[in-house]
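A.B. asks:
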Amino acid sequence: MGKFILKTDSVNKVINVELEGTFSNEDGLKSIQAYQQTVNPITPSEYSLQIDCRKLNVTAPDVVPLLEGCFIMFKADGFEKVSLTLENNPILKMQLARLGRKAGLENLEITSIV
């Protein structure tokens, strides 16, 4: 089961997202609803989106289209910058980088930490 936590840091103009586990389509839809409720009251172009993926598992093939939709949504919202932080997980990094490129998310930064 996938878990998510969203926090708005209005002072530093950052939306912090923590993702954990393996997301099903249902988990993904719940996280998208929460994301939209968090983003609606702000102007995303003034904010950075920082997503902590250190506890996230590689996405199952049937959930990939939903994840791709998230990247398209991030691009459409127009964040100043989108940053993903991963554990040293080359497969997840490749998967997320590919989806970011496919969505045209040019301001995507992926950092792997050990």
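Residue 101 in UniProt numbering sits at position 101 of the sequence shown, with consecutive numbering throughout.
For every residue, glycine included, the Cβ atom is placed at its ideal position computed from N, Cα and C.
1) Closest by CA to Ala103, which one among Gln37, Gly78, Glu87 and Glu26?
2) Name, in chain order, the residues that DSSP records as bridge partners for Lys55.
3) Helix or strand or just coil, what does DSSP make of Glu109?
4) So, for Glu20: in the same chain, excluding its five sequence neighbours on each side, which residues have a beta-carbon less than 8 Å away from its beta-carbon?
5) So what's Phe4 in DSSP terms, helix, strand or just coil?
6) Using C-beta distances below 7 Å, list every residue in its chain close to Gly100, excluding the 5 sequence neighbours before and after it, in chain order.
7) For Lys93, which residues in the same chain have their Cβ closer than 8 Å to its Cβ, ignoring the five residues on either side in sequence?
C.D. replies: Here's the rundown:
1) Closest option to Ala103, judged by alpha-carbon separation, among Gln37, Gly78, Glu87 and Glu26: Gly78.
2) Looking at the DSSP output, Lys55 shares a beta bridge with Glu20.
3) If DSSP states are grouped into helix, strand and coil, Glu109 belongs with the strands.
4) Around Glu20, the same chain offers Gly2, Lys3, Phe4, Lys55 and Leu56 as residues with beta carbons nearer than 8 Å, after the five sequence neighbours per side are excluded.
5) If DSSP states are grouped into helix, strand and coil, Phe4 belongs with the strands.
6) Listed in chain order, the non-local C-beta contacts of Gly100 below 7 Å within the same chain comprise Phe71 and Leu108, local neighbours out to five positions each way being set aside.
7) Excluding sequence neighbours, Lys93 sits near Leu86, Ile110 and Ser112.
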